[in-house]
Amino acid sequence: MSKRQGPPKHQNRYAWKPNLNQKINETEPGGRFRPLSEITGVCQRCRDQIDWKRRYGKYKPIVEPAKCQKCGKRAVRQAYHNVCRDCSKDLGICAKCCTRVNELVGRLSEVLGKEKDAPFFAL
Ligand SMILES: [Zn+2]
Ligand SMILES: [Zn+2]
Numbered sequence: 041m042s043k044r045q046g047p048p049k050h051q052n053r054y055a056w057k058p059n060l061n062q063k064i065n066e067t068e069p070g071g072r073f074r075p076l077s078e079i080t081g082v083c084q085r086c087r088d089q090i091d092w093k094r095r096y097g098k099y100k101p102i103v104e105p106a107k108c109q110k111c112g113k114r115a116v117r118q119a120y121h122n123v124c125r126d127c128s129k130d131l132g133i134c135a136k137c138c139t140r141v142n143e144l145v146g147r148l149s150e151v152l153g154k155e156k157d158a159p160f161f162a163l
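The structure is reproduced here in structure tokens:
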């Protein structure tokens with residue numbers, strides 16, 4: 041019988057895992073019963089940023105509509121967006137970073153659903 045059960049030499053070798061001890065409440069936004077709405081109206085980079093926040097539990101869903109930086113109306117309904125959906129569509133800008141973009145996510149996915157033959161791997 042070998043008795044080699046002492047503490048390992050390197051105690052902190054384990055990788056940091058997000059949400060390891062955080063029990064996700066399934067009825068909260070983002071939980072299984074209330075999935076977060078799709079990220080739309082932003083450029084790919086901002087979509088990735090928001091997606092990252094969601095995955096690492098840093099995403100704060102919007103509580104009340106925020107003020108649009110373009111038209112000044114309280115019409116921003118997605119968290120981390122600075123511009124309302126209408127302005128982002130009309131001006132062709134990302135609702136988060138306000139960069140002029142040709143393809144906003146959301147609208148793009150609708151198109152992709154219809155044109156499955158699109159050679160997007162050639163990008
Ligand atoms: Zn607006
Ligand atoms: Zn953006």
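So in this note's numbering, spot 41 of the sequence shown is number 81, and the numbers just go up one at a time.
The beta carbon of each residue, even a glycine, is placed where N, CA and C say it ideally should be.
This one's a predicted model, so the numbers in the text were calculated from it and none came from an experiment.
Compare the beta carbon distance of Ala-115 and Asp-130 with 9 Å and say whether it is the shorter of the two.
no
Going along the chain, which residues of its own chain have a beta-carbon closer than 7 Å to the beta-carbon of Lys-136, five neighbours each way excluded?
Val-82, Cys-86, Tyr-120, His-121 and Asn-122
CB contact check: Cys-111 to chain B, cutoff 9 Å:
Included in the structure is just one protein chain, with no chain B present.
Have a look at Thr-80 and Leu-144 and give me their C-alpha separation to the nearest angstrom.
7 Å
Assumed close pair Arg-94, Leu-76 - CB separation to whole angstroms, cut-off 8 Å
Right, the Cβ-Cβ distance comes to about 6 Å (below 8 Å), so this counts as a contact.
Within 8 Å: the Cβ of Lys-100 and any heavy atom of ligand 2?
no
Let me check you understand the geometry: is the CB of Thr-139 closer than 8 Å to at least one non-hydrogen atom of ligand 2?
yes
Between the CA atoms of Gly-132 and Phe-161 - distance to the nearest angstrom:
Reliability of the predicted coordinates at Phe-161 is poor, the pLDDT of 41 falling under 50, and no value is obtained from them.
So Cys-108 and Cys-134 are supposed to be a Cβ contact under 8 Å. How far apart are they, rounded?
For a cut-off of 8 Å, the C-beta gap from Cys-108 to Cys-134 is around 13 Å, too long to register as a contact.
Since Arg-117 contacts Pro-105 with CB under 8 Å, what's their CB separation in whole angstroms?
5 Å
Where does Ile-133 sit, in a helix, a strand or coil, going by DSSP?
Taken through DSSP and simplified to helix, strand or coil, Ile-133 comes out as strand.
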